[in-house]
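Numbering (my numbering), first residue to last: 293 to 1212.
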């Protein structure tokens, strides 16, 4: 195939452009960015198709919107002139061809016409591009030898690159002494997993014991929490008892009154009322009689005179006696209650070492909730800190032990000779891996044998023999290695050292994580302490105590505050009672000359007053009865007195109560009977209020209630302490189990081991595949070398001789090494050639391959400017070679070099000059 014409409708910077191409030598000349590479890409695109997006290096879509594509006319030996057109937006970018005889074809026709030429072979063999330039001077001899022979035998570096790729891929998977390759890592992981399995198998019993203990602790915590909740509920009940204790005292007093005075029938009450009215009538009648005669009696008593002068006042005061009795009883009850509260307060002060100043705090519910939340955080942080600190101590000890072991191993490794270590490293391949590799080698050899028989290709027998022998050898060495391994003593190896080093790194990493966690906890504790200090300053709490202890004391503070409030209320009520009683007592100060009131209570003063009044009335009666003035008056007075006595006896008999022994008692009894219905209603109300908190069949005192509260609080604190202890043990076990579970359960570990073995087998299969592919490329190279090397070396020698102007006149292979002989018969290894000579030899090999395969590949050679970088003398020799080479194969040069243009002009060769209107 020789290109004759390029018709560019739209491609990159070119629009409606036609270039005629010489069938032998053609130069496209232009400055940098004139469009030379665009011409090359146009030829490549029309022949082999538009590149896919992922393959695009540059976008050659026309800049002015012209149709994207064009035509190429080339000459074919069989079909003459052939026109190929291809447009991006036409026929989905597929090619359309037209032969000289008018016959049409499509993309498939073009592929058949160009075969075996493909885009890859066009790029790698016939295109001498800038990116294909090789730094030959940087290669070692082996690499350079292999490259030159590969280029000469295959036309490109592809076979060498393929072999290198297979080698690299294989080494990525496994190296006998490597640490990074994946199989090496997997084998180390497998060994570590085996150690974990062994450890977990030994810890399984301990794990179950710890798990069982955690279950027991959970039950114990639940039970203790239930007990604590019961105590908390009981505490609430007792606190309510404290609050409702005054009502209980009231209920108790009312019950005492009711128990001492049985409620009488209404008929009896009415009879008592009638009797009292009759008794008052008789008393008034007696009084009137005495008063009517008092003026006629000779009264010698000054006390009686005082009584007569203040009789109405004494009568009014006698009416107040019942109120004084009631108020005195009330004051006595209040005093008893106050004593109870004071005794309870003193007990709590002594129990919790408190004072009145400490309990005078005012905590809002919001602050109490915040303290509660942070108290929980404080407990959790302290618990975590203790657990992590213990674990840190354990890991520090473990790290010290491991460092000691590593030092011992390092000392042992230091005495092993380096060559032995290297030999050992080379022998580290697992016998199992060898057997897998050997089996796969034999299987592949059998597959190649089948192909050789079917295809009848003799050279395939070479890899068959090699693979089969490799498989047999592998099995034998694997068995020997296994046998030696059974009898070999356990010595320290680099692999063991690496495993221990890895374990040490993991411990160090765990320590680092623990220290980081502890630092975070410390930071949180510091933040919490700042807030705690603020509350301690504000409410007088101690920083040495935990906030949980604060919370446990807050109810005590509230209880004491409530007691103080009740105490103040009692004091106020007592003061009110004292003030009332004092006012009653003040009413009798006028009689202190006749009635002893000094150092006596109001109740006692009124009793003295009653006694004084009775004495004066008795005096008057006695005086009247002793008088002889009027017999009729005496008879009347005696009769009334008898009636009064009989009325009093009748009333006492009617009441029928041993505690009622006087008319005053009858009045009190009647008053109580009148109040009993009201008391009963109040008792019922109080029983409804108290029933949920007091067992009303028992008697309570405030001191007993407070002692009971203290006892409940102590039990509650004991349960809380028990819960905390159980939770600490639970968290410790949980952490220990989490460390164990990092290794996984046995079932999980067994499954993980199977997965790792499966992965290692898959990776080993990949390694073997790459190994076989690498050896196969080498076998192909050897076959090509045996078949084509003589002709190749002859052609290379001819071209190299031209390029070096006879300085070197022979290229040959000896002992599988490539050499050149100069005109003085001196033999040179190619590594000793100059950089320019190496480049010329590389060019000779590439052109030699194209020359030898001209019949197979009909394609032009396209040489980019980068390949024309020789000095003037070497350029001249290159173009002389290309001039002769173009007689058989079309040569197209793309250059901006004036020397190249001058050569073409001097030899009257075709030149197409490309302008530089736009950047490429």
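Ideal placement from N, C-alpha and C gives every residue a C-beta, glycine not left out.
This one's a predicted model, so the numbers in the text were calculated from it and none came from an experiment.
Give me, in chain order, the residues of the same chain whose beta-carbon lies closer than 8 Å to that of residue 632; leave out the 5 immediate sequence neighbours on both sides. So the list reads 537, 993, 994, 995, once near-sequence residues are dropped.
Secondary structure at residue 985, three-state DSSP: helix, strand or coil? Residue 985 falls in the coil class under three-state DSSP.
Please classify residue 1187 as buried or exposed, where buried requires at least 16 neighbouring CB atoms within 10 angstroms. Buried.
Is residue 885 near the ligand MN, in the sense that its beta carbon is under 7 Å from a heavy atom of that ligand? For the ligand MN, the structure offers nothing, since it holds no ligand at all.
Going by alpha carbons, who is nearest to residue 386 out of 341, 930, 671? Out of 341, 930, 671, 341 has the C-alpha closest to the C-alpha of residue 386.
Residue interval of the beta strand (DSSP E) (run including residue 312): Run containing residue 312: 306 to 312, per the beta strand (DSSP E) assignment.
Assumed close pair residue 315, residue 328 - CB separation to whole angstroms, cut-off 8 Å: In fact, because the Cβ distance is near 20 Å, the residues do not count as touching under 8 Å.
Rank 1193, 1198, 572 by C-alpha distance to the C-alpha of residue 1205 and give the top, closest one. Answer by Cα proximity: 1193.
Proximity to residue 1015 [Cα-Cα], best of 936, 509, 1165, 473: Considering only alpha carbons, the answer is 509.
Taking buried to mean at least 16 other C-beta atoms within 10 Å of its own C-beta, is residue 1207 buried or exposed? Exposed, because fewer than 16 other Cβ atoms sit within 10 Å of the Cβ of residue 1207.
Who are the Cβ neighbours of residue 660 in its own chain at under 8 Å, not counting the five residues just before and after it? Counting only Cβ-Cβ distances below 8 Å, and skipping sequence neighbours, we find 843, 846.
Which class does residue 557 belong to by DSSP, given the choice of helix, strand or coil? Coil, per DSSP.
What first and last residue would you give for the alpha helix (DSSP H) that runs through residue 264? What is shown of the chain runs 293 to 1212, which leaves residue 264 out entirely.
Any idea if residue 998 is buried or exposed, counting beta-carbon neighbours within 10 angstroms, 16 or more meaning buried? Here residue 998 is buried. Its C-beta has 16 or more other C-beta atoms within 10 Å.
Figure out for me which residue from 1139, 511, 402 has the closest Cα to the Cα of residue 366. Selected option, being the one with the closest Cα: 402.
Suppose contacts are defined by Cβ-Cβ distances below 8 Å. Is residue 829 in contact with residue 535 by that definition? No. Outside cutoff.
Counted within 10 angstroms of its Cβ, other Cβ atoms place residue 619 as buried (16 or more) or exposed: Around the C-beta of residue 619, 16 or more other C-beta atoms lie within 10 Å, and the residue is accordingly described as buried.
With a cut-off of 8 Å on the beta carbons, I'd call residue 305 and residue 330 a contact; round off their distance for me. Contact holds; Cβ gap of about 6 Å.
Range covered by the beta strand (DSSP E) that runs through residue 319: Its beta strand (DSSP E) spans residues 317 to 321.
Residue 294 by DSSP, collapsed to three states: which one? Taken through DSSP and simplified to helix, strand or coil, residue 294 comes out as strand.
If you count every other CB in all the chains shown that lies within 10 Å of the CB of residue 516, and 16 or more means buried, which is it? Only buried fits residue 516, as 16 or more other CB atoms lie within 10 angstroms of its CB.
Between the Cα of residue 602 and the Cα atoms of 358, 840, 881, which residue gives the shortest distance? The shortest C-alpha separation from residue 602 is found at 881.
Please report how far the alpha carbon of residue 1047 lies from the alpha carbon of residue 799, in whole angstroms. Between the alpha carbons of residue 1047 and residue 799 lies a gap of roughly 25 Å.
CB of residue 1058 within 8 Å of CB of residue 1096, strictly: Cβ distance not < 8 Å, so residue 1058 and residue 1096 don't count as in contact.
Among 1129, 1190, 681, nearest to residue 1217 - alpha-carbon criterion: Because the chain in this structure spans residues 293 to 1212, residue 1217 falls outside the shown range and cannot be described.
Along the chain, where does the beta strand (DSSP E) that runs through residue 367 open and close? Here the beta strand (DSSP E) through residue 367 covers 361 to 368.
Between the beta-carbon of residue 531 and the beta-carbon of residue 972, is there less than 8 Å? When the beta-carbon positions are compared, residue 531 and residue 972 stay at least 8 Å from each other.
Please check the pair residue 354 and residue 303, which I expect to be a contact at CB under 8 Å, by giving their CB distance rounded to whole angstroms. Separation of the CB atoms of residue 354 and residue 303 is rounded to 7 Å, and the pair is thereby assigned contact status at 8 Å.
Measure from the alpha carbon of residue 961 to the alpha carbon of each residue in 837, 862, 1053, 614, then state which is nearest. When C-alpha distances from residue 961 are compared across 837, 862, 1053, 614, the shortest belongs to 614.
Applying the 10 Å Cβ sphere with the 16-neighbour rule, what's the burial state of residue 1288? The question about residue 1288 has no answer, for the chain in this structure spans 293 to 1212.
Quick check: what's the CA-CA separation for residue 637 versus residue 859? Their backbone Cα atoms lie some 10 Å apart in a straight line.
First and last residue of the beta strand (DSSP E) that includes residue 375? Segment 372 to 379, the beta strand (DSSP E) holding residue 375.
Rounded to the nearest angstrom, what separates residue 692 and residue 699 at their Cα positions? Spanning the two alpha carbons is a distance of roughly 11 Å.
At least 3 beta-carbon pairs within less than 8 Å: the segment 1168 to 1179 vs the segment 1114 to 1127: With the cut-off at 8 Å, the segment 1168 to 1179 and the segment 1114 to 1127 do not touch.
Going along the chain, which residues of its own chain have a beta-carbon closer than 8 Å to the beta-carbon of residue 506, five neighbours each way excluded? The beta carbon of residue 506 sits closer than 8 Å to the beta carbons of 1022, 1025, 1026, 1029 from its chain, once the five residues preceding and following it are set aside; these are given in chain order.
Is DSSP giving residue 382 helix, strand or coil here? Coil, per DSSP.
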